[in-house]
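A.B. asks: By the count of the numbering used here, the sequence shown reaches residue 554 at its end, each step adding exactly one.
Just so you know, even glycine gets a beta-carbon here, dropped at the ideal spot from N, CA and C.
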Amino acid sequence: MRLRFAMSASLLAALAVAAVPGVASAVPHHNRGLTINVFPNPILAGESVVIYGQLNHAPVSGETIVLYHHIAGSHTGFTKVGQTTTGPTGTYEFSRPDGVVMTNRSWFVRDAGHPGVHSRTVNERV
């Protein structure tokens with residue numbers, strides 16, 4: 429009886445080890461194709477904010493970058509708040525003027541021409 433249990437446990441362990449690499453490869457990889465930074469962070473309510481970064485995925489010049497935000501506590505997802513075009517070196521910038529950012533929020537950007545290219549999410553503290 430113990431031998432059957434040991435054999436079954438060994439077989440189950442071998443199958444689990446064989447399945448793990450398949451599961452790990454199905455996990456999406458972190459995307460480093462687009463950087464994002466926010467300055468200043470944190471801010472006082474109503475201060476202006478600059479969101480900027482660089483596209484690291486060819487082509488870099490003239491690509492449309494879309495900015496999304498999520499307002500903390502809103503119980504909604506991310507919404508589009510603007511778009512701009514990258515410069516010759518792939519850099520982009522968004523300015524949020526005084527009086528716009530009044531609460532904590534999260535930001536991320538996406539390359540409109542390549543939907544799989546996106547930035548990490550940055551949390552802005554107010």
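Among R553, H542 and R548, which has the Cα closest to the Cα of P487?
C.D. replies: Checked all of R553, H542 and R548; the closest Cα to P487 is H542.
A.B. asks: Note down, one range per segment and in chain order, each beta strand (DSSP E) of at least 3 residues found wholly within the stretch 452-492.
C.D. replies: You should have 465-467 and 477-482.
A.B. asks: To which residues of the same chain is V477 closer than 7 Å at the C-beta, ignoring the five residues directly before and after it?
C.D. replies: V466, I471, R524, V529 and E552
A.B. asks: Given that a residue counts as buried once 16 or more other Cβ atoms are within 10 Å of its Cβ, and exposed if not, what is E521?
C.D. replies: exposed
A.B. asks: Mapping DSSP to helix, strand and coil, what is S547?
C.D. replies: coil
A.B. asks: Taking the C-alpha atoms as reference points, what is the distance between G515 and S489?
C.D. replies: 5 Å
A.B. asks: In whole angstroms, what separates the C-alpha of L483 from that of V494?
C.D. replies: 12 Å
A.B. asks: My assumption, with CB atoms under 8 Å, is that R533 sits in contact with A500. Please give the rounded CB distance.
C.D. replies: 6 Å
A.B. asks: Within the continuous beta strand (DSSP E) that includes S534, where are the two ends?
C.D. replies: R533 to D539
A.B. asks: Please return the same chain residues whose Cβ sits closer than 6 Å to the Cβ of G461, not counting the five positions on each side in sequence.
C.D. replies: N484, H485 and V545
A.B. asks: Using three-state DSSP, classify R524 as helix, strand or coil.
C.D. replies: strand
A.B. asks: Could you check whether V554 and I464 sit closer than 8 Å to each other, using their CB atoms as the reference points?
C.D. replies: no
A.B. asks: Roughly how many angstroms separate the alpha carbons of H498 and T504, rounded to a whole number?
C.D. replies: Each residue's Cα considered, the two are about 7 Å apart.
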